[in-house]
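There are 4 protein chains.
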Amino acid sequence: MRVYQLNGSRGADGLSLVERPDPVAGRGQILVRMRAGSLNYRDLLVAHGRYVGAAPPNLVPLSDGAGEVVAVGPDVRRFKVGDRVCPTFFQTWISGEMTPADGATALGGAVDGVLAELVVCDETAAVAVPDHLSFEEAACLPCAGVTVWAALYGPKPLVAGQTVLTLGTGGVSSLAIQFAHAAGARVISTSSSDAKLEAARALGAAETINYRTHPEWQDEVLRLTDRRGVDHVVEIGGAGTATRSIAATAMGGQVHMIGVLTMGEVNPLALIQWKTLRGIYVGSRSHFEAMNRMIAVHGIRPSIDRTFPFADAPAAYRHLESAAHVGKVVIRIA
Amino acid sequence: MRVYQLNGSRGADGLSLVERPDPVAGRGQILVRMRAGSLNYRDLLVAHGRYVGAAPPNLVPLSDGAGEVVAVGPDVRRFKVGDRVCPTFFQTWISGEMTPADGATALGGAVDGVLAELVVCDETAAVAVPDHLSFEEAACLPCAGVTVWAALYGPKPLVAGQTVLTLGTGGVSSLAIQFAHAAGARVISTSSSDAKLEAARALGAAETINYRTHPEWQDEVLRLTDRRGVDHVVEIGGAGTATRSIAATAMGGQVHMIGVLTMGEVNPLALIQWKTLRGIYVGSRSHFEAMNRMIAVHGIRPSIDRTFPFADAPAAYRHLESAAHVGKVVIRIA
Amino acid sequence: MRVYQLNGSRGADGLSLVERPDPVAGRGQILVRMRAGSLNYRDLLVAHGRYVGAAPPNLVPLSDGAGEVVAVGPDVRRFKVGDRVCPTFFQTWISGEMTPADGATALGGAVDGVLAELVVCDETAAVAVPDHLSFEEAACLPCAGVTVWAALYGPKPLVAGQTVLTLGTGGVSSLAIQFAHAAGARVISTSSSDAKLEAARALGAAETINYRTHPEWQDEVLRLTDRRGVDHVVEIGGAGTATRSIAATAMGGQVHMIGVLTMGEVNPLALIQWKTLRGIYVGSRSHFEAMNRMIAVHGIRPSIDRTFPFADAPAAYRHLESAAHVGKVVIRIA
Amino acid sequence: MRVYQLNGSRGADGLSLVERPDPVAGRGQILVRMRAGSLNYRDLLVAHGRYVGAAPPNLVPLSDGAGEVVAVGPDVRRFKVGDRVCPTFFQTWISGEMTPADGATALGGAVDGVLAELVVCDETAAVAVPDHLSFEEAACLPCAGVTVWAALYGPKPLVAGQTVLTLGTGGVSSLAIQFAHAAGARVISTSSSDAKLEAARALGAAETINYRTHPEWQDEVLRLTDRRGVDHVVEIGGAGTATRSIAATAMGGQVHMIGVLTMGEVNPLALIQWKTLRGIYVGSRSHFEAMNRMIAVHGIRPSIDRTFPFADAPAAYRHLESAAHVGKVVIRIA
């Protein structure tokens, strides 16, 4: 089989397409022919050696993909040949609280990922793809989708009628708009471009704010909420946004910190009036399954910016790096 | 002012329209000119002396109404003259868990209700009416609406993508369909009439079951949910439905027992696989406020079956008793 | 290796000790030399063919046991040779909500159990034994202990200062007294015998009620709680107790229905004032782990009534059947 | 009656003892003869004009006190003459989520406090004192006690067997040790003095760390928890501790930010692995009542460092300012 592997900390330049022996499904495992993958900002960090630490040598990158079961090992009960599946971001986190051991099983970071023609994983480490989704669309979910779901449905979950603030229109934020809208929330979205805000409205945003026009955009959020603030921020962690997000949050509200591009610091005093700053680190298989049920009920389709062929995977990386996208950047594998 | 008062246990025949002195707002109180009230099944029980115990003599009936603040007493901060409000079902239950003391403040049962031209209540015992609602529509919410909200948003709240089962198309169930649909759930509704099922679909039901055609309707629910069952039942407590509702519930699901017409018994063994049977007794002011936020975001309007003039209040009682309605039975007070 | 297997529906008489080939740990599996097992009421039902359905032929009985890892298969990460472990009741339920598929992996019911010298299970299907416990003590936990924990720590968990009612002094109730006491609750316990009530006090009960002396024991519970009732009942499901338990429960309180000997019916109307009847079906590995942390912090030891040698397993069954025990009935395997 | 009032921003020097007319209980109000008050760090900030903004002129300071009901106004139901009560910190926050309007009713900050011989408050704005507590002890609870309770029992509440970290041995931290210990948690406490750590152990700490000896005390916390970290930090917000507290927290754990002396900033990236930073702002009457139930069950007594007579209130302020105390600084009023 052909796989991409990553060496050096040279971004897309570190990717090379190589042959490896076909893997075999052992006891309790499934063999998946990958059909599509999608990129997250984390994949750029991994490729540049800026994610946690340097990547293991010859790492197969990418956490997010979808494919078809082509073989099953002994004792497999959850899947059969022909099933369409997504491997889970953390291969061992089934449900409940994450443990540090789960962190050592993250695809395309701690262990080999899915930018490969064939992938073997435990049957417990995959979920069924909703029927209405293509492989390309399903490939957008394992990290970006699950992260949004885990943000909105934590110990103090989203309730219909609440207000949700999303920042920008990248992969995570696009899904956040769709999910929060489907859950009956009022969504307020920010972006630097009116065209992107138009896209946000098409996805379900009720209100939009151009943060170039409104650099003090938190004031605009307060204005739109009768000075109350929002109940949830899906905070993707751009430079210096956290302090504004906290200011835009209602008493009792939550700022869900996603992602790895967080910069700047926050003054905890800003939280005193019952605001919560909550670190989000993708989610469990159970999050994935609950999200899929919601996606199926609403017929939600992740918004895909552009799809690249397998041979052009490095170009997909470069496209994400340019930050010109709305929605997800996808690689068609087979 | 004119009020209805209730004597004897003779149903609508026990109602008499009398003059009483206008009440005055004391410290911390508001005086409300009632504009509309709505009936609940409980009001029939009270009128027949079958609710908890015999009603206090000369009780002013009705828990649910909406009106306009026409005077405020000293130290009032929450409202001003001209505000549109609904008094809360329990006059002292603000938020959190109900206490037995709150039970002694239920309008139209333990204490005088709202079928009166003027009502005085503590400023803490009322909520603002959402802007888009008429007084008639707002009058449908204090018991029926809040009960549904408290059912769906308990310790294990509704999550978008879950499935909700509603029974019939009366006032509570109509609101349950609307609220669950707005919250991103898939709604399955039962009724004995195809016309009413059509109405249920118009309110947001995705699937409907005629329980005359399908007397073993729980099997139909299981069929529609791939044998999984539903996550929530808004169980209004008709004769013998509880056992079927439990059978139609998924592992981990909840049957929210509403209302006072419950008959029959259930075998607790049917619950063992992580099913929960949960008694619901209206809700708090905080439930009311959260519900109103949701109603405002979605522009939801309670479904009104018919509106009677103040002078014909007894006819409104008789209409509810006939059980021919879809949605709420309303009395216009002024 | 030697195992007990069960045939017919003849209770302890259906047990026979037979030789089977030693099992081998496959990929992701551990081989456990069992050192002790404990009995639950469910094991009697299984032996009598009254549990769910007839047991599979030649079923190895018992869900609860503890032993030592003597071999590990390929790819095992969680355990190593020498570790002391308990297999989990449901072999696939890791955390979060139980699914129907998990039900098909219950030890000593759906699949072979632990009354055997050697047991193979997935590494994900076992937990480490707390250091301070003997194998006999640890063998009391997988069903009885986890069930109590899952009862007390559901969606509306035990809070220090609440009141917990336990019924009787069998294995489940003894652990319930210990766990609730350790969690800072006030425990009220019932029994038919003053000697057993003395034992209950020694385990941590603050108040005790002899239900022979007080057949209307729910009134005594109300008296001891200033008419408020208790916050939690660990209801083990004896005949006709559920209705009394509900009556003894505070507004907002929960009756956790445990076990399989439930008889009688309940009127759901009794729940209306915010009472909840909640089916409990053992628990997940995550429940087990959280419980073990608590047990370790408090140095709790399950109360063992009597220990039988492996050769006398049928006698252990008969002892449990006699219902003369306080605490758990244990079988030493090796 | 005599009251202290505060002018200027001169700390204890701004306090003056003056005569005011006796207040009268209006409708729904109680008149309380204050018997004791206690100081919080917030009272120092108020006295120095560093709390939110400058205090209103002639403000009666102090949020925390206990006294006896000596008169009740019309329509009062919750209390009678002779009852022992504590006014609540926020006079309008009953239960559920705090609202901004509640913030405008904080005793001794937004409105007149309890350093007075007589205080009038709404009957809904007070709680009964547990029987076993003196007025001095009860006076320690309204801010410090309720804050700790609200920290430990939020959306993801303390579970028996978890580990709780407390910082120092002041009023809040002393109560945190007592409450967490009573709730079955393992408590780890830090202090700069071995004598204070001895006091912490007497209150229930299982482990103690001298942060002078261990300036990198977060490493010591990790060592004591097998590298797992703690589940809860009651973070009182001293300079630069938040970052260490986050480092000492387990995946999924919570840092509850209390108090107003927070300095320094935190990098939100440190939270990514499911850690939560949660602002705490005292609590509701419902928190107070639940805490009191727990305090009564366990016979907990707040630890009092020293009691000053009413005439020496300024000396009490100066004593707190010296930071030499262990536990609470109390003023006996009558």
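Protein chains in written order, with the working numbering: chain A, 1 to 334; chain B, 1001 to 1334; chain C, 2001 to 2334; chain D, 3001 to 3334.
Where is the CB? At the ideal position from N, CA and C, for every residue including glycine.
Task: Exposure of L2017 (chain C), with buried meaning 16 or more beta-carbon neighbours within 10 Å - done: Mapped onto the third sequence, residue 2017 (chain C) falls at position 17. By the 10 Å Cβ count, L2017 (chain C) comes out exposed.
TODO: State yes or no: is the beta carbon of G1103 (chain B) nearer than 8 Å to at least one beta carbon in chain D?
DONE: Counting from one through the second sequence, the residue named residue 1103 (chain B) turns up at place 103. Closer than 8 Å: no.
TODO: Select from D:V3060, D:G3082, D:V3076 the residue whose C-alpha is nearest the C-alpha of V3070 (chain D).
DONE: As a first step, residue 3070 (chain D) must be located in the fourth sequence, where it is residue number 70. Out of D:V3060, D:G3082, D:V3076, D:G3082 has the C-alpha closest to the C-alpha of V3070 (chain D).
Open item on the list: I'd like to know if I1300 (chain B) contacts chain D, where contact means its C-beta is closer than 8 Å to some C-beta of that chain.
Closed with: As a position in the second sequence, residue 1300 (chain B) is number 300, starting the count at 1. With 8 Å as the cut-off, I1300 (chain B) does not count as an interface residue toward chain D.
Task: Cβ-Cβ distance between C86 (chain A) and V46 (chain A) below 8 Å - done: As a first step, residue 86 (chain A) is located in the first sequence; it is residue number 86 there, counting from the start. As a first step, residue 46 (chain A) is located in the first sequence; it is residue number 46 there, counting from the start. Between C86 (chain A) and V46 (chain A), the C-beta spacing is not below 8 Å.
Open item on the list: With a threshold of 8 Å between beta-carbons, can K3275 (chain D) be considered close to chain A, or not?
Closed with: Reading the fourth sequence from its first residue, position 275 is the one you call residue 3275 (chain D). It does; some Cβ of chain A falls within 8 Å.
Open item on the list: Using CA atoms only, rank isn't needed, just tell me which of C:E2097, C:C2140, C:E2068, C:A2012 is closest to T2307 (chain C).
Closed with: As a first step, residue 2307 (chain C) is located in the third sequence; it is residue number 307 there, counting from the start. It is C:C2140.
TODO: Using a cut-off of 9 Å between C-beta atoms, extract the partners of M1336 (chain B) located in chain C.
DONE: Not covered by the structure: residue 1336 (chain B). The range shown for chain B is 1001 to 1334.
Task: Three-way DSSP call (helix, strand, coil) for T2208 (chain C) in this model - done: The count along the third sequence starts at 1 and reaches residue 2208 (chain C) at position 208. Strand at T2208 (chain C).
Task: Simplified DSSP assignment, three categories, for H1132 (chain B) - done: By 1-based counting over the second sequence, the position of residue 1132 (chain B) is 132. Of the three classes helix, strand and coil, the one that applies to H1132 (chain B) here is coil, per DSSP.
Open item on the list: Whole angstroms are fine: how far does the CA of W2149 (chain C) sit from the CA of T2208 (chain C)?
Closed with: Taking the first residue of the third sequence as 1, we reach residue 2208 (chain C) at position 208. Taking the first residue of the third sequence as 1, we reach residue 2149 (chain C) at position 149. Going by the C-alpha atoms only, they are around 21 Å apart.
- [ ] State the DSSP-derived secondary structure class of R3293 (chain D), mapped to helix, strand or coil.
- [x] Residue 3293 (chain D) sits at position 293 when you count from the first residue of the fourth sequence. Three-state DSSP puts R3293 (chain D) in a helix.
Task: is_contact[M3294 (chain D), chain C] using C-beta, thresh 8 Å - done: The count along the fourth sequence starts at 1 and reaches residue 3294 (chain D) at position 294. Yes, because at least one Cβ of chain C sits closer than 8 Å to the Cβ of M3294 (chain D).
Task: Interfacial residues, the segment 1159-1187 of chain B to chain A, with Cβ spacing under 7 Å - done: Contacts with chain A (Cβ-Cβ distance below 7 Å) from the segment 1159-1187 of chain B involve V1159, A1160, G1161, A1182, A1183, G1184, R1186, listed in chain order.
- [ ] May I have the straight-line CA-CA distance separating R2332 (chain C) from N2040 (chain C), to the nearest angstrom?
- [x] On the third sequence, position 332 is the one that residue 2332 (chain C) refers to. On the third sequence, position 40 is the one that residue 2040 (chain C) refers to. Between R2332 (chain C) and N2040 (chain C), the C-alpha separation is close to 15 Å.
- [ ] Output, in chain order, the set of chain C residues within a Cβ distance shorter than 9 Å of V3297 (chain D).
- [x] Mapped onto the fourth sequence, residue 3297 (chain D) falls at position 297. Going along chain C in sequence order, the residues near V3297 (chain D) (Cβ under 9 Å) are A2160, G2161, Q2162, T2163, G2184, A2185, R2186, A2206.
Open item on the list: Counting only Cβ-Cβ distances shorter than 7 Å, please list the residues of the segment 1017-1043 of chain B near chain D, keeping chain order.
Closed with: Cβ contacts with chain D come from G1026, R1027, G1028.
- [ ] Find the residues of chain D that neighbour T99 (chain A), judging by a C-beta separation of less than 8 Å, and give them in chain order.
- [x] For the purposes of this step, residue 99 (chain A) is identified with residue 99 of the first sequence, where counting begins at 1. Against chain D, the beta carbon of T99 (chain A) has neighbours under 8 Å at M3251, listed in chain order.
Open item on the list: Once the 5 residues before and after P2057 (chain C) are set aside, which same chain residues still bring their CB inside 8 Å of it?
Closed with: For the purposes of this step, residue 2057 (chain C) is taken as residue 57 along the third sequence, with counting starting at 1. Cβ within range, chain order: N2007.
Task: Under 8 Å between C-beta atoms of I3236 (chain D) and S3173 (chain D) - done: Counted from its first residue, the fourth sequence places residue 3236 (chain D) at position 236. Counted from its first residue, the fourth sequence places residue 3173 (chain D) at position 173. It is a contact, given that the beta carbons lie within the stated cut-off.
- [ ] Only counting runs of 3 or more residues, tell me where the beta strand (DSSP E) segments fall wholly within the segment 3160-3244 of chain D, in order along the chain.
- [x] 3163-3167, 3186-3191, 3207-3210, 3230-3235
- [ ] Identify, in the order they occur along the chain, each residue of the same chain with its Cβ nearer than 6 Å to the Cβ of H1338 (chain B), setting aside the five sequence neighbours on each side.
- [x] Any question about residue 1338 (chain B) goes unanswered here, given that chain B covers just 1001 to 1334.
Open item on the list: According to DSSP, G2067 (chain C) sits in a beta bridge with which residue or residues?
Closed with: For the purposes of this step, residue 2067 (chain C) is taken as residue 67 along the third sequence, with counting starting at 1. Paired residue(s): C:M2034, C:V2085.
Open item on the list: Tell me the DSSP secondary structure of V2046 (chain C) in three-state form.
Closed with: Position 46 of the third sequence, counting from 1, holds the residue named residue 2046 (chain C). Three-state result, V2046 (chain C): helix.
Task: Close-in-space but distant-in-sequence residues of the same chain around T166 (chain A) (CB under 7 Å, 5 per side omitted) - done: Reading the first sequence from its first residue, position 166 is the one you call residue 166 (chain A). So the qualifying residues of the chain are S173, A176, I177, V187, S189, V234.
Task: Contact check, V1032 (chain B) vs L1118 (chain B), beta carbons under 8 Å - done: What you label residue 1032 (chain B) is simply residue 32 of the second sequence in a count that begins at 1. What you label residue 1118 (chain B) is simply residue 118 of the second sequence in a count that begins at 1. Yes, the pair counts as a contact, with Cβ atoms nearer than the cut-off.
Open item on the list: Buried or exposed, going by whether 16 or more other CB atoms sit within 10 Å of the CB of D231 (chain A)?
Closed with: Position 231 of the first sequence, counted from the first residue, corresponds to residue 231 (chain A). By the neighbour-count rule (16 or more Cβ atoms within 10 Å), D231 (chain A) is buried.
TODO: Give me the Cα-Cα distance between P74 (chain A) and F2310 (chain C), rounded to the nearest whole angstrom.
DONE: Within the first sequence, numbered from 1, the residue matching residue 74 (chain A) stands at position 74. Within the third sequence, numbered from 1, the residue matching residue 2310 (chain C) stands at position 310. In a straight line, the C-alpha of P74 (chain A) is about 33 Å away from that of F2310 (chain C).
TODO: Put S1016 (chain B) into one of helix, strand or coil per three-state DSSP.
DONE: Locating residue 1016 (chain B) in the second sequence gives position 16, where the first residue counts as 1. DSSP places S1016 (chain B) within a strand segment (E or B) once states are collapsed to three.
TODO: Please report how far the alpha carbon of S3063 (chain D) lies from the alpha carbon of F2079 (chain C), in whole angstroms.
DONE: Taking the fourth sequence and counting its residues from 1, the one referred to as residue 3063 (chain D) is at position 63. Taking the third sequence and counting its residues from 1, the one referred to as residue 2079 (chain C) is at position 79. Taking the straight line joining both Cα atoms gives about 54 Å.
Task: Length of the line joining the Cα atoms of C1121 (chain B) and A180 (chain A) - done: Translated into positions along the second sequence, residue 1121 (chain B) becomes position 121. Translated into positions along the first sequence, residue 180 (chain A) becomes position 180. One C-alpha to the other measures close to 37 Å.
Open item on the list: When you compare the CB of P2130 (chain C) with every CB in chain D, is at least one pair closer than 8 Å?
Closed with: Against the third sequence, residue 2130 (chain C) aligns to sequence position 130. No, P2130 (chain C) does not count as interfacial toward chain D.
- [ ] Run down chain C in chain order and give the residues with a C-beta less than 7 Å from the C-beta of P3142 (chain D).
- [x] The residue labelled residue 3142 (chain D) in the question sits at position 142 within the fourth sequence. Within chain C, no residue comes near P3142 (chain D); the closest Cβ sits about 17 Å away, beyond 7 Å.
Task: Proximity to A3270 (chain D) [Cα-Cα], best of D:G3252, D:V3111, D:G3037, D:S3286 - done: To locate residue 3270 (chain D), count along the fourth sequence from 1; it is residue 270. Considering only alpha carbons, the answer is D:G3252.
Task: Three-way DSSP call (helix, strand, coil) for C2143 (chain C) in this model - done: Stepping through the third sequence from its first residue, residue 2143 (chain C) is reached at position 143. Helix at C2143 (chain C).
TODO: Classify M3112 (chain D) as helix, strand or coil using the three-state DSSP reduction.
DONE: Here residue 3112 (chain D) corresponds to residue number 112 of the fourth sequence, with the count starting at 1. The sequence given here has Asp at residue 3112 (chain D), not Met. The answer is coil: DSSP assigns D3112 (chain D) none of H, G, I, E or B.
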